[in-house]
Every structure is written in C-alpha cells, then in structure tokens.
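These notes are about the structure you will find just below.
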Amino acid sequence: MKKFLRWTAVFALAFFGLMAMRHHLTALAVASASACLDDACQTWHTFLLDAVLLGCMLGMIAVCALLPKLLRIPLVLLTCIFVLLFSVDLFVFQFLNMRLNFADVLKYSGDVKVSKTVIAPKVFSVFSVLLVTLTIVACVALCKAVMNAVRDRQLGVVSLAALALIGVHWLPLQVNYISRNVYDDFVTNNLPDGVDKPYSQEEKARLSQIPPPAKTCSREPQAPRPVILLVMESLSLYQSKLLSGVGNNTPELDRIAKRYGYLQRFYANGFTTDGGMISLLVGRPPLPSVNRYSSMSVYEGYTTPEQDFYARLAHKNIPSLYFTGATLEFLDTGKWLQKLNFKQLNGPTDPFYNNLPRGPFDDPGDKAFYRRFLHWYDQERAPGPFFMVMKTTTTHPPFMVPGTDQQGEDAAFRYADEAVGEFVRGLEERNYFDNGLMIIMGDHRSMTVERSGEAKAVGADFMARIPGIVLGREFRDTGEIYGQWQQTDLIPSALSALGMTSCTSDFQGRFFGPAVQPKFILHADGADRDLVMVKIKGANDPSYVQLEGGETNWVDAGDDTPDNAPVVDFITRQRVALPEVDANLTKTILQLRGYLK
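In the numbering used here, each residue carries its 1-based index in the sequence shown increased by 105.
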C-alpha cells in the first residue's frame with residue numbers, strides 16, 4: 106500500500122508540473138495580448154481547470170484498485186494517452202501559439218512539412234525537455250500506482266482527493282476574455298460547439314421564409330451635413346474616469362464628452378475589429394456563420410449594406426471615404442470595402458507617411474493619421490457633405506507607439522487620447538462642428554481580461570459596452586444622453602444627417618436626427634462564442650440566446666415570451682442566409698509559418 110500512495114503522489118506531482126507549464130504559457134500569451142499585470146490576467150484559473158482533469162485521473166486510479174489487474178491495463182493505456190495529449194497540447198501551444206484541435210490534426214497532419222532547422226530549437230529547448238521528462242514520469246508513475254493499487258482504507262485518501270479536485274468543476278471559474286480557449290483545458294476546447302452546428306436544407310428553406318422586422322421610415326427636412334465616424338481601436342469604458350471610474354487614461358476624451366455629449370449606454374455588436382466594422386458599415390450585427398471562428402474569411406456574407414446605403418450616397422454625389430492607419434491587406438479589408446462601394450480608401454502606403462516610423466500593421470501612429478485627415482480636409486476635400494470613416498490603429502495590441510519607446514496599454518491610450526484631443530481642437534479651429542457631425546467610439550471593448558471593478562462599475566453587460574461620444578452643434582454642453590444605442594444604428598443616423606430617408610426597427614435605432622432607441626440590441630459574445638447577448642430595452646441585465654442551428658433558443662426559458670419572439674427569428678433569419686465558410690484558420694497559420702504548402 107505504501108508503494109501505491111508513493112507512486113500516486115509521484116504521478117500527481119508530475120502532472121502538477123505539466124499544469125504549471127500550461128499556466129506559464131497561458132500567462133505569456135495573455136500578458137502579451139492584454140498587457141495585464143500582476144493577477145489581473147487571472148491565469149491562476151488554469152490550475153483550477155486542470156485540477157478537474159487530475160481529479161478524474163486519480164479517480165481512475167482508485168477505481169483500478171477494485172478491478173483485477175488484467176482489466177486495469179486498458180484504463181492505464183487510456184489515461185496515459187490522455188496525459189500524452191495534454192503534453193502535445195502544451196507543445197502545440199508553445200510552437201504555434203494556438204491550442205491542440207483534434208479536427209485540425211486529422212485534417213492537416215499528413216500535409217505538414219517542418220524544417221529541421223525550424224523544429225530543432227523547439228524540440229531541444231529546456232521547455233520541451235522538461236515537458237517530455239514530466240510526461241514520461243507521469244506515465245510511469247501512473248502505471249506503477251495502478252499495478253500496486255489494493256483495496257485498503259488508505260484508498261479512501263486517493264478517492265477523497267479525486268472527489269475534491271473534481272468538485273472544482275462546480276466553482277464559478279468563468280474568465281471574461283475573448284480568447285478564453287487559452288485558459289480552458291484541452292478537453293473543453295475540443296467539445297462540440299453549437300455555433301458551428303449547421304442548418305439542414307429543410308431548416309434553411311423553412312427559416313429563410315421568416316419575414317424581416319417591420320421598419321419605420323422618416324426624412325428630416327434639412328440640408329445634408331458632413332458625417333465623420335471615428336473608430337478608435339479597442340476604446341473601452343474602463344479606460345475612462347468619466348464613463349466608468351475604473352481607469353483614467355482618457356482625460357481628453359472625457360473633456361470632449363462633457364463639452365459635447367455621450368450616449369449613456371452604447372454597445373458594440375461584436376468583439377473584434379472586423380465585427381465592429383461589419384456592424385457599422387453594413388448595419389447588421391456580426392452573427393457568426395458556420396466555421397466563422399475557425400476561418401480567415403471574416404467578411405463573407407456581409408457585403409450588402411442595409412438601406413442600400415453607399416449606392417444612395419453615390420446617387421446624391423456624396424463621397425464615402427475610409428481612412429485608416431493599418432494596412433488594408435490584412436484580412437482583405439480593402440477588397441471588402443471596395444465591394445461596399447467606398448469611393449476612396451486611404452491607408453499607411455499614402456506618400457504622406459513616407460519616412461515616418463511604423464508600428465504593428467504598418468501604423469504611422471495616430472497623430473500622423475489625424476494630420477493626414479486634416480490635410481485632406483484643407484486641401485483635397487470637394488465642396489459639400491461627405492461620409493468619412495476613420496479607423497485608428499495605435500491602441501491595438503501589442504500597444505506600441507511608433508517612433509517611441511512607449512509600450513503597454515496605458516501608454517498607448519494616453520498617447521491616443523492626447524492625439525484625439527489635438528484632432529478635435531483642429532476641427533474646432535476649422536469650425537467643422539458648426540455644421541458637421543462626428544461620433545467617436547471603439548470598434549469593440551478591448552481584447553483584454555476583465556478589469557478589477559469593471560463589472561460593478563459598468564454592469565453585467567460590460568464586455569459589450571463601449572464609449573459613444575457625439576459631437577455637433579446640437580450636442581454642445583449636452584453631457585449624458587439617456588438611452589441605449591449600438592453600432593448598427595450608424596447607417597440610419599448617417600442617412601438622417603445626410604438629409605435622406607432613414608429607417609429604424611426593433612433591432613436598429615438612430616442617434617443623429619430624431620432619436621430612436623432599438624428595442625433589442627444583439628452582441629456576438631466573444632467569451633462564449635455559441636451565445637448571443639441580447640439587451641432588451643428596459644431590462645437591467647442582458648439575456649442570452651444559445652446558437653444551436655435549427656434548435657437556437659433562449660438560454661433562460663423565462664425570456665422565451667411572445668414579446669421576445671422576434672429575437673430568435675432575427676438571429677436565425679440572418680444566419681441561414683450566411684454562407685458556410687472554409688475552416689482555414691489553422692491552415693493559414695501553418696502556411697504563414699512555412700509548415701504547409
């Protein structure tokens with residue numbers, strides 16, 4: 106019996122070593138993407154999540170004590186395979202900065218070609234040697250423990266330890282982070298997900314007949330006014346003292362919000378840049394198609410804007426322009442914008458930025474970006490109204506300010522805040538706001554872990570909330586504007602400001618012109634990607650819809666009421682119309698690294 110306990114302890118310690126290695130990789134991955142410090146990344150969750158796996162294996166050891174030795178062999182082999190897969194997951198995580206996916210292994214393993222010069226440093230690194238050593242020790246100790254297991258009162262020690270560790274599964278361990286898969290154990294990461302459950306042809310035929318939501322249309326009797334949409338990368342409420350009280354990195358934006366106005370509750374409809382731009386420029390929430398989250402085809406199915414927006418602008422000779430500090434080649438963003446019919450695209454290849462230092466995505470920095478717009482405004486702009494989209498880049502992870510040694514989220518946002526303050530003053534000096542309108546917002550809440558006090562300060566829907574600051578003559582000294590709006594409300598708002606008929610519905614409101622609040626706001630959840638958050642007007646807390654193909658429905662049966670019935674219909678109608686995209690994310694990563702032709 107002493108051998109049994111000794112080998113069980115050796116196994117547990119070896120597997121704990123593997124757990125510590127996963128914690129190390131998770132901490133590196135989250136810190137590099139989120140720039141969170143100390144315990145803000147909450148990476149200690151990985152120990153608790155993996156403890157459940159350890160508990161299951163200790164339970165298997167305890168069960169083996171009740172079986173004849175011959176019957177123990179299959180269980181030992183299965184458990185050793187489990188330990189091996191845990192270790193392979195760690196190697197893939199370290200090698201490709203992504204987690205082990207069984208479907209990808211089956212799909213690409215025969216085609217992967219790895220150069221010896223590339224793989225050797227990884228295989229013979231200290232990390233890999235330690236990984237192999239702990240894996241071998243864990244498997245040997247597991248075999249020894251199982252073969253020495255006997256029925257004895259001390260078996261209860263192992264059984265109780267197993268039950269205690271398995272019980273961790275019922276603790277509230279949810280981490281609010283869009284890349285939660287880096288926290289989750291490899292078993293959870295490979296479980297089926299409702300978001301990719303396909304619709305049958307019969308379901309598509311039936312569900313495509315769901316009528317669109319009824320619209321109410323109106324036109325303001327006014328001359329067209331220029332509209333600027335300024336989308337600041339990762340701008341979040343927690344960075345603002347005025348809007349949340351959590352951080353204090355945006356004093357200039359706070360000053361602008363108080364000088365003009367800010368929407369009390371403003372929502373991003375997605376959790377990524379492409380999701381934010383789809384919401385804003387197409388007018389529909391970025392609900393995922395089948396395979397969307399394992400694909401590089403991020404804009405597939407989102408090329409037809411609501412209310413024929415860009416064609417109507419072109420018909421009125423109102424130019425639509427898109428300026429950005431990031432390369433337009435990334436994710437084929439430039440090609441997508443051309444399909445939407447933008448008249449002019451301007452990116453970091455503009456000669457205006459020649460000889461300037463660059464950051465990630467070829468970004469020349471927000472200050473140079475704003476100077477480029479003012480140069481256009483002063484010297485290139487044609488007379489009359491325009492629709493201008495401005496998308497900043499400097500505050501994108503890894504939060505590097507071009508041409509400086511400033512790094513980290515706080516430094517990047519202080520720089521960006523100073524830059525936008527100078528920009529707004531430049532527009533004021535040109536009297537732009539005497540006639541023109543602008544809204545400043547984030548493309549999504551920052552891709553960072555929940556900040557301390559954020560949920561309490563902002564609310565249960567904090568992962569979907571972003572600033573929405575409105576500027577124009579009618580908003581001067583307005584301050585907080587009561588109500589709820591969202592990114593998909595931009596097209597009706599811009600149409601109204603540009604003197605054209607604009608339409609609203611239960612799912613789409615308007616913040617420029619006669620204000621209309623949407624009854625339902627949808628947010629494609631980034632932490633639980635098979636969920637859609639629904640903010641119902643008048644409700645304090647958000648509700649959720651579970652994506653499950655033709656069986657999509659409310660998570661809480663209490664939300665399944667006749668008044669809320671249009672929500673599931675809206676989600677289903679949009680998703681069945683989307684094409685099923687190629688699950689090519691892993692393939693693209695392998696190709697970029699030269700491991701796959």
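Ideal Cβ placement from N, Cα and C applies to all residues, glycine included.
- In this structure, the beta-carbon distance from residue 590 to residue 368 falls below 9 Å.
- Per DSSP, the continuous beta strand (DSSP E) segment holding residue 626 begins and ends at 625-629.
- Beta-bridge partners assigned by DSSP to residue 559: none are found.
- Excluding the 5 residues flanking it on each side, residue 545 has same chain C-beta neighbours closer than 6 Å at 335, 574, in chain order.
- Secondary-structure assignment with DSSP links residue 304 through no beta bridge to anything.
- For residue 250, same chain residues with a beta-carbon under 7 Å away, outside a window of 5 residues either side, are 109, 112, 113, 116, 166 in chain order.
- One thing to note: residue 526 has its Cβ no nearer than 9 Å to the Cβ of residue 329.
- Contact annotation: residue 502 and residue 464 have beta-carbon atoms that are not nearer than 9 Å.
- Taking 3 residues as the minimum length, the beta strand (DSSP E) runs contained wholly in the stretch 355-424 are 366-372, in order along the chain.
- In terms of Cα proximity to residue 388, the closest of 571, 373, 646, 529 is 373.
- In this structure, DSSP gives residue 591 an extended state, which the three-state scheme calls strand.
- The alpha-carbon of residue 294 is positioned some 9 Å away from that of residue 287.
- For residue 475, the enclosing alpha helix (DSSP H) has its first and last residue at 471-480.
- The way I'd put it, the stretch 297-310 does touch the stretch 381-399; three or more beta-carbon pairs between them come closer than 8 Å.
- CA-to-CA, the gap between residue 623 and residue 417 works out to about 23 Å.
- The straight-line gap separating the alpha-carbon atoms of residue 467 and residue 263 is approximately 56 Å.
- Secondary structure of residue 335 (DSSP, three-state): strand.
- Here residue 428 carries a strand assignment [DSSP, helix/strand/coil].
- Within the DSSP secondary-structure output, residue 586 pairs in a beta bridge with 368.
- Counting other Cβ atoms within 10 Å of its Cβ, residue 441 reaches 16 or more and is therefore classed as buried.
- The three-state reading of DSSP puts residue 241 in helix, counting H, G and I together.
- With fewer than 16 other Cβ atoms from the protein chains shown falling within 10 Å of its own Cβ, residue 314 counts as exposed.
- Looking at the DSSP output, residue 648 sits in a beta bridge with 639.
- Using a Cβ-Cβ distance cut-off of 8 Å, the stretch 489-500 and the stretch 421-440 are in contact, since at least three pairs of beta carbons, one from each stretch, lie closer than that value.
- Contact annotation: the stretch 409-424 touches the stretch 592-600, with at least three C-beta pairs closer than 8 Å.
- Under the criterion of beta carbons closer than 8 Å, residue 364 and residue 582 qualify as touching, at roughly 7 Å.
- Secondary structure at residue 653: strand, using DSSP grouped into helix, strand and coil.
- Within the model, the alpha-carbon separation for residue 375 versus residue 640 is close to 13 Å.
- Here the alpha carbons of residue 560 and residue 566 stand approximately 8 Å from one another.
- Residue pairing of residue 551 in beta bridges, as defined by DSSP: absent, with no partner found.
- Annotated three-state conformation of residue 660 is coil, per DSSP.
- Contact between residue 632 and residue 568 holds, since their C-beta atoms are separated by about 7 Å, short of 8 Å.
- With the rule of 3 Cβ pairs closer than 8 Å, the stretch 641-649 counts as touching the stretch 661-670.
- About 12 Å separates the Cβ atoms of residue 377 and residue 628, ruling out a contact at the 8 Å cut-off.
- Considered as a whole, the stretch 498-550 harbours 542-547 as its complete beta strand (DSSP E) runs of no fewer than 3 residues, in chain order.
- At a Cβ-Cβ threshold of 9 Å, residue 528 and residue 603 do not count as neighbours.
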